[in-house]
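In my numbering, the protein residues as written are 9 to 159. Quick reminder that beta carbons are idealized off the backbone N, C-alpha and C, glycines included. Computed from a predicted model, the values in this text were never measured in an experiment. So the structure is just underneath, and the comments pick up after that.
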């Protein structure tokens with residue numbers, strides 16, 4: 009949507025080339041810790057890379073990773089490291105996944121009313137926006153009573 013004066017046709021620049029990169033992320037609602045990777049594809053191989061890096065970054069921790077029903081989250085070839093346990097939320101319940109609120113925040117902080125000329129500009133903005141997320145911000149966005157009650 010955009011606003012303009014009456015009887016004036018709004019001109020909105022747009023880019024019609026379809027290119028993709030995918031952000032993988034994990035957040036810890038109690039501490040605000042967060043971990044993100046930008047990957048070329050959304051598939052099992054890239055999910056394996058994400059899990060391996062997440063596991064290495066937090067090798068002393070046991071991680072409960074909440075995932076939706078995407079096929080690459082349930083694949084038989086998914087290699088789940090020893091310190092990661094995956095649980096899946098029911099279908100059509102994105103509100104149960106803490107990372108969903110972070111994606112919304114990232115869109116609001118870095119991508120509102122913006123047009124990018126290249127995919128690299130988008131990735132750069134994404135990384136810059138992720139780096140603006142403080143632990144306190146992540147906690148305030150993702151902490152829920154029902155999550156607290158589990159631990």
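query	result
Would you tell me roughly how many angstroms separate the C-alpha atoms of residue 38 and residue 141, rounded to the nearest one?	15 Å
In chain order, what are the residue ranges of uninterrupted beta strand (DSSP E) at least 3 long that sit wholly in the stretch 34–100?	42–47, 71–75, 92–96
Which residue or residues does DSSP assign as beta-bridge partners of residue 32?	45
If you check the beta carbons only, do residue 87 and residue 59 fall under 8 Å apart?	yes
Answer with buried or exposed for residue 109, where buried requires no fewer than 16 other C-beta atoms within 10 angstroms of its C-beta.	buried
Drop a sphere of 10 angstroms on the beta-carbon of residue 20, count the other beta-carbons inside from all chains shown, and report buried for 16 or more, exposed for fewer.	exposed
Whole angstroms is fine: what's the gap from residue 75's alpha carbon to residue 17's?	43 Å
Flag this pair as yes or no: are the beta carbons of residue 29 and residue 48 separated by less than 8 Å?	yes
How long is the line joining the alpha carbons of residue 143 and residue 15, rounded to whole angstroms?	47 Å
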